Amino acid sequence: MIQKEIILKPKERGFHLITSEIFSQIPEITEIKKGIAHVFIKHTSASLTINENADPTVRTDMETYFNKAVSESDARFFQHTFEGADDMTSHIKSSILGSSVSIPITNGKLNLGTWQGIYLCEHRNKGGSRKIVVTIMGE
Amino acid sequence: MIQKEIILKPKERGFHLITSEIFSQIPEITEIKKGIAHVFIKHTSASLTINENADPTVRTDMETYFNKAVSESDARFFQHTFEGADDMTSHIKSSILGSSVSIPITNGKLNLGTWQGIYLCEHRNKGGSRKIVVTIMGE
Amino acid sequence: MIQKEIILKPKERGFHLITSEIFSQIPEITEIKKGIAHVFIKHTSASLTINENADPTVRTDMETYFNKAVSESDARFFQHTFEGADDMTSHIKSSILGSSVSIPITNGKLNLGTWQGIYLCEHRNKGGSRKIVVTIMGE
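So the protein sequences, as listed, match chains H, Z and A. Under the working numbering, think of the first position of the first sequence as 342, with each following residue one higher. Under the working numbering, think of the first position of the second sequence as 342, with each following residue one higher. Under the working numbering, think of the first position of the third sequence as 342, with each following residue one higher.
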C-alpha cells in the first residue's frame, strides 16, 4: 500500500488532463502487478473524472455543457454565494462529477482504455493549487 | 480489513452531513496508518456524496438545484412512478450522485480536506432508515 | 487480489442490467469473506452505475432523462462531434454517471441492497462490445 499527497499546479477554470502530472510522481506503480489506484481531491469546488484524452475540444465542450447545466445565472436561487456566482455552482458540479476516481493497475501500469485520461475539473474562476491524495493498493 | 453494516437514522428529504454518524461507529479506524474507507449505500433512491461541511445553506442549495435539474413536474415523461412523483426522480438523482464514496485514511483518520464531509442525499419524501456498508482496507 | 478483464456483448443504446453477465465470470468471489469488488469500464462513451434491478421501465426512464438532460439537439454547441450528434453527448453522460462502481463483498457475495444491480449505460448508437476490468480486494 502506497500513499502520497500531491499538490497540483494552479489551473484555470475548466477541464484539464492530469494523468501524467500525477503519476510521474508515483514511480512505485511499476512494482504493482495487480491493484487499484485511488485518486482523491481534497476540495469541494473542483472534482475528478475520467474522459477522452486525445482531443482537447472534449475538455472545452465539457466546460460548455456544465456551465449550461449548472448555470451561474441561476445563482440568484442559491444562498451560498458569498464568494461569487461561481461558488455554489462549483459545489454542485463537484458532486455531479465526484471527488475521486479509481483505476485498475495491471503489470505496473494504469489499466486505462486507449482513450481514457484523468481530468481535473476546476470549477472556480480562481481555484489555486489543489491537493490530491493517491492511494495504491496492490501486490 | 474491517467491514461494518450501519443503519442511519431516518432523515427528511434533502442533504445531510453524516461523517460523524458513520465514523463514530468505527473506532477501529484509529489503528489504520494508511488505507481507504469505502462507504456504500444499499439503496437506489438515496445516495452519497462529498461536499462542503460548514455552511448548512450548501445542503439547502443542493436540494434546490437537484429538484430543478431532475424535476418532479417531468414525472409525466416517466413510467416508473408507482410510488409517486418522487419515485423515478429519486432513482435518477441516485445515479447522478452515486452509491458510494471512498476516502483515504492517513494516520488513523479520514484524510478529508478541511471543508469536506460525507452527505447522505435522501431523495424520497419518506425514505425511512438507510443501510450503509463501510469497508476499510489498510495497514 | 483477483483481477479479470471481461468483454461484454454489444448492447443497444440505453441502460442494461449486467450484474450476472459480469459476476458469472468470477466464481472466485465465493472465497472472499469480506472485501470490495471494483468494476471499471475502459471507455469514455459508456459508463457504469448502480440502480434498480427489478422494473425494466427504470432503465427506459433513465434513457429518457439523460437524453433530455444531455440533449443531442444541443450538439451544435459542441466542437467534438466528428462521429455524430451522439459523440460529445456520450462523453458528457459518461462523466456524470462515472466509469466505475465499487461494491462491498460479504461472505462470498456482492453485498448489494435487495433492489440494486449494476447497469451498463451505453450512450452511443453503435457502441460495440465493451471492456470491463474487475478487481477484487479481500480476504
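Beta carbons: idealized from backbone N, C-alpha and C, even for Gly. These numbers were taken from a predicted model, which means no experiment stands behind them.
is_contact[residue i, chain A] using C-beta, thresh 8 Å
i: I437 (chain Z); result: yes
i: G355 (chain H); result: no
i: F381 (chain Z); result: yes
i: K472 (chain Z); result: yes
i: H464 (chain Z); result: no
i: Q344 (chain H); result: no
i: T508 (chain Z); result: Residue 508 (chain Z) lies beyond the stretch modelled for chain Z, which goes from 342 to 480, so this question has no answer here.
i: N452 (chain H); result: yes
i: E372 (chain H); result: no
i: V399 (chain H); result: yes
8 Å contact criterion, which residue i and residue j should meet: CB distance rounded
i: K374 (chain Z); j: G468 (chain Z); result: 36 Å between Cβ atoms; not a contact.
i: F356 (chain A); j: M403 (chain A); result: 5 Å
i: H464 (chain A); j: P445 (chain H); result: H464 (chain A) to P445 (chain H), Cβ: 21 Å. No contact.
i: N408 (chain Z); j: G458 (chain Z); result: Not a contact, Cβ separation roughly 21 Å.
i: I433 (chain Z); j: Y406 (chain A); result: 5 Å
i: S435 (chain H); j: S470 (chain H); result: Rounded, the Cβ-Cβ distance is 17 Å, inconsistent with contact.
i: V474 (chain A); j: I367 (chain A); result: 11 Å between Cβ atoms; not a contact.
i: S443 (chain A); j: S431 (chain Z); result: About 22 Å separates the two Cβ atoms, so there is no contact after all.
Residue-chain proximity (residue i, chain H), Cβ-Cβ < 8 Å
i: G376 (chain Z); result: yes
i: I444 (chain Z); result: yes
i: Q366 (chain A); result: no
i: I391 (chain Z); result: yes
i: E362 (chain Z); result: no
Neighbour flag for residue i against chain Z, beta carbons, 8 Å
i: M429 (chain A); result: no
i: D402 (chain A); result: yes
i: G341 (chain A); result: For chain A, the structure presents residues 342 to 480; residue 341 (chain A) sits outside this window and is missing.
i: D415 (chain A); result: no
i: V475 (chain A); result: no
i: Q420 (chain H); result: yes
i: E369 (chain A); result: no
i: I433 (chain H); result: yes
i: G304 (chain A); result: Nothing can be reported for residue 304 (chain A): it is not among the residues displayed for chain A, which extend from 342 to 480.
Residue environment, residue i, which counts as buried when at least 16 other CB atoms sit within 10 Å
i: S388 (chain Z); result: buried
i: K371 (chain Z); result: Per the sequence presented here, residue 371 (chain Z) reads as Thr, with Lys not at that position. T371 (chain Z) comes out exposed.
i: N392 (chain H); result: buried
i: I382 (chain A); result: buried
i: K350 (chain H); result: exposed
i: Q344 (chain Z); result: buried
i: F419 (chain H); result: buried
i: S365 (chain A); result: exposed
Cα-Cα separation, residue i to residue j
i: S441 (chain H); j: T390 (chain A); result: 15 Å
i: V399 (chain A); j: G439 (chain H); result: 23 Å
i: E413 (chain H); j: C462 (chain H); result: 16 Å
i: G449 (chain Z); j: T360 (chain Z); result: 15 Å
i: M342 (chain H); j: E346 (chain Z); result: 25 Å
i: K472 (chain A); j: E353 (chain A); result: 15 Å
i: I348 (chain A); j: W456 (chain Z); result: 40 Å
i: L358 (chain A); j: E424 (chain H); result: 42 Å
i: R417 (chain A); j: V411 (chain H); result: 19 Å
i: L453 (chain A); j: E362 (chain Z); result: 21 Å
i: H384 (chain Z); j: D396 (chain H); result: 37 Å
i: N466 (chain H); j: E369 (chain A); result: 48 Å
i: T447 (chain A); j: I437 (chain A); result: 28 Å
i: D415 (chain H); j: D415 (chain A); result: 19 Å
i: T401 (chain A); j: I377 (chain Z); result: 35 Å
i: I477 (chain Z); j: A426 (chain A); result: 43 Å
i: H421 (chain A); j: L451 (chain H); result: 26 Å
Cutoff 8 Å: residue i Cβ touching any chain D Cβ
i: S441 (chain Z); result: The structure shown has no chain D; the protein chains it does contain are H, Z and A.
* Which whole runs of the beta strand (DSSP E) in the stretch 358-437 of chain H are 3 residues long or more, in chain order? -> 375-382, 387-393
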